[in-house]
Amino acid sequence: MSRVTCPEVSSRIMTAEEAVEFIRPGDNVGMSGFTGAGYPKAIPPALAAKARAAHDAGEDFRIGLWTGASTAPQADGVLAEAHAISKRLPYNSDPLLRRQINAGEVDYVDAHLSHSAQQMWFGFYGPLDVAVIEVTAVLPDGLLVPGSSVGNNKTWLDQADRVILEVNHWQPRELEGFHDIYPGTALPPHRRPLVLTEPMQRIGEPYLKVDPAKVVAVVETREPDAGAAFSAPDDVSRAIAGHALDFLRGEVGAGRMPPELLPLQSGVGNVANAVLQGLDDSEFTSLVAYTEVLQDGMLDLLDSGTLRAASTASFGLSREGMERFHSGINGYKGRILMRSEEISNHPEVVRRLGVIAMNGMIEADIYGNVNSTHVMGSSVMNGIGGSGDFARNAYLNFFLTPSTAKGGAISTIVPMVSHVDHTEHDVHVVVTEHGLADLRGLSPRARAERIIANCAHPDFRPRLRDYLERALAQRPDARHTPHLLDEALSWHQRYLDTGRM
Ligand code: 0RQ
């Protein structure tokens, strides 16, 4: 059955090879896609082939690529392989593109996800030439049924000069009704309050809109989202989850949150997934999520009834998770609501709802500054994503990591972080498999004592203590946040020089 029933739009159905003729060298291209879901499947490979042919003919062909968040090997991957990206924002996790960014070949603007749409409206990024957006269907009146992620699609559709739609028959037609697209916030000084007071409240419409006159091409596809791979929780991630859950029990016991907790945000990766699994095995029930990505762990919680409902900007499911969602899709209706990332991650909403934010990290220092993005100070891993949007504005935030990386060669608790994403003023709770440090209300020195005692790996704990003691003893006028400046980053340098911190 046709998924494109708007006559004005259906007249522009063509092949991907024909459609990429509307993308020119140097264009800024806004694509759909968020954590491996809802990215275009046909245009990126066709565009990569076009760029390759241009390069073979000695011409430059590279684009600025803007998305919702990470995509997949079939989008970022193929374009990176063809050296077709000159600038990328706001989040990437593709390994090849990461290498090109870290080699200095590709410019990367690692932005807070809640900022990316509005910074485009503000004009900070320049004009958007083309939007390439995957949707589930185009309705007779031209309304678009969104797919498995919303991301920045609304802004890209509004702002682009030309629009290419990919209508993916793999996306279940029953997705209609899962989305809530807010019509848009005005620019300062005309902004009004965002009246979203319950995680599952609808404040928009189930459809994306596009001016049909801007639609230059429509390409039909049938390819599934790539899907995330999760490893089963190991002892380390189970221990991390256990500490976080015990802490939440304590908060309920202390009367600081209700038994059904507060809306949950959970980041990407195996540790975040392990915490969700821990919740499923716990006594907690009637939970609700206000998050940006819905991973398998959250689908499990919805299936078991531990989670009542979830608001998200995207799915980040494994293939098995997608199949489970598709086969039971009608049962999830009304329990999953998908929003644009400027709303799912909105500071005003996150603060009002009192979200509990749980995110991974690369390293924390003894004072509670957190690095989520950079390895050894200079090489980006993925990006800040939504972790800053949620952590900074959360009622309570957790940063979770194993206490060591690379087989024990690296301590994830260091004297000074080699890059700061979340400052000591923002970070509430640091968790490793060894324990949890509640930093709320503590001075820097008290935070250091607690992080070293509770979170550091025993192999590195004595050296962290020694660092703190010598820093404290060094100068009588430097005891608020004591550092040995000539040593603070020596652990990172030692790793670079010797392969061990
Ligand atoms: O690399 O696979 O090459 O060995 O980092 O580490 O332990 O598997 O953890 O998958 O949870 O990712 C911070 C990267 C953690 C992620 C980060 C190396 C480690 C491994 C992954 P290898 P793990 P996770 C919602 C919120 C920022 C964005 C965010 C992230 C790899 O959570 O990108 O939170 N967060 N968004 O070996 C050197 C260290 C290291 C280290 C770990 N100290 N030094 N390498 N690694 N610690 C989602 C969105 O916003 C879209």
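Residue numbers (UniProt numbering): 1 to 501. No residue lacks a Cβ here, since even glycine has one placed at the ideal position from N, Cα and C.
{"query": "From the DSSP output, read off the bridge partner residues of W66.", "result": "G30 and L89"}
{"query": "Going by the C-beta, is S387 closer than 7 Å to any heavy atom of the ligand 0RQ?", "result": "yes"}
{"query": "Just the Cα atoms here: how many angstroms apart are residue 514 and G77?", "result": "The structure shown does not extend to residue 514, since the chain is modelled only from 1 through 501, so no value can be given for it."}
{"query": "With DSSP collapsed to three states, give me the class of G435.", "result": "strand"}
{"query": "Confirm the yes/no value for this check: CB of M381, any heavy atom of the ligand 0RQ, distance under 7 Å.", "result": "yes"}
{"query": "Roughly how many angstroms lie between the CA atoms of R445 and L337, to the nearest whole one?", "result": "43 Å"}
{"query": "Could you tell me if T67 is buried or exposed, where buried requires 16 or more neighbouring beta carbons within 10 angstroms of its beta carbon?", "result": "buried"}
{"query": "Given G177, which residues of its chain have a CB within under 8 Å of its CB, disregarding the five upstream and five downstream residues?", "result": "P206 and K333"}
{"query": "With a threshold of 16 other CB atoms inside 10 Å of the CB of F122, please say whether the residue is buried or exposed.", "result": "exposed"}
{"query": "Give the DSSP bridge partners of E205, in chain order.", "result": "I181"}
{"query": "List the endpoints of the continuous alpha helix (DSSP H) containing L97.", "result": "P95 to N102"}
{"query": "Kindly provide the ranges of any alpha helix (DSSP H) runs that are 4 or more residues long and lie completely inside the stretch 339-426, ordered along the chain.", "result": "341-344, 347-353 and 387-393"}
{"query": "Keeping to the same chain, check which residues put their C-beta closer than 8 Å to that of residue 558; ignore five residues upstream and five downstream.", "result": "A question about residue 558 goes unanswered here, because the residues of the chain that appear run from 1 up to 501."}
{"query": "Can you say whether F124 is buried or exposed, counting buried as having 16 or more other CB atoms within 10 angstroms of its CB?", "result": "exposed"}
{"query": "Among the residues of its own chain, which have a CB less than 8 Å from the CB of N345, if the five just before and after it don't count?", "result": "H112, L113, S114, E292, A313, G386, D389 and F390"}
{"query": "Just the Cα atoms here: how many angstroms apart are A142 and A217?", "result": "Sequence inspection shows Gly at residue 142; the Ala mentioned does not correspond to that position. Rounded to the nearest angstrom, the two C-alpha atoms are 14 Å apart."}
{"query": "Between T373 and the ligand 0RQ, is the CB less than 7 Å from at least one heavy atom?", "result": "yes"}
{"query": "Within 10 angstroms of the Cβ of K41, are there 16 or more other Cβ atoms? Answer buried if so, exposed if not.", "result": "buried"}
{"query": "Select from L248, P212, L464 and M376 the residue whose C-alpha is nearest the C-alpha of I13.", "result": "P212"}
{"query": "Closer than 8 Å is the cut-off here; do at least three beta carbon pairs connect the stretch 73-92 with the stretch 354-361?", "result": "no"}
{"query": "Given 7 Å as the limit, tell me if L113 has its C-beta closer than that to any heavy atom belonging to the ligand 0RQ.", "result": "yes"}
{"query": "Are the stretch 423-430 and the stretch 316-335 in contact at 8 Å, needing three or more beta carbon pairs?", "result": "no"}
{"query": "Looking at C-alpha atoms only, which residue of S411, A241, E18 and H83 is the closest neighbour of V271?", "result": "A241"}
{"query": "For the alpha helix (DSSP H) holding T155, just list the boundary residues, first then last.", "result": "N153 to Q159"}
{"query": "For E166, which three-state DSSP category applies?", "result": "strand"}
{"query": "Determine the burial state of Q295: buried for a count of at least 16 other Cβ atoms within 10 Å of its Cβ, exposed for fewer.", "result": "buried"}
{"query": "From this set, H457, H434, R461 and V429, which residue's C-alpha is nearest R447's C-alpha?", "result": "V429"}
{"query": "Is G269 near the ligand 0RQ, going by C-beta to nearest heavy atom under 7 Å?", "result": "yes"}
{"query": "Under DSSP, the alpha helix (DSSP H) around Q119 begins and ends at which residues?", "result": "L113 to W121"}
{"query": "Check the C-beta distance from L400 over to A244 and give it rounded, since I have them as a contact under 8 Å.", "result": "7 Å"}
{"query": "Is the beta carbon of V288 within less than 7 Å of some heavy atom of the ligand 0RQ?", "result": "no"}
{"query": "Any chance the stretch 20-32 sits against the stretch 129-137, with 3 or more Cβ pairs inside 8 Å?", "result": "yes"}
{"query": "With DSSP run on the structure shown, which of helix, strand or coil describes R308?", "result": "strand"}
{"query": "Under 6 Å Cβ to Cβ from R440, same chain only, skipping five residues before and after it: list those, please.", "result": "H428"}
{"query": "Since V252 is in the alpha helix (DSSP H), which residue starts that stretch and which ends it?", "result": "D235 to G253"}
{"query": "The ligand 0RQ and K406: does the residue's C-beta get closer than 7 Å to at least one heavy atom of that ligand?", "result": "yes"}
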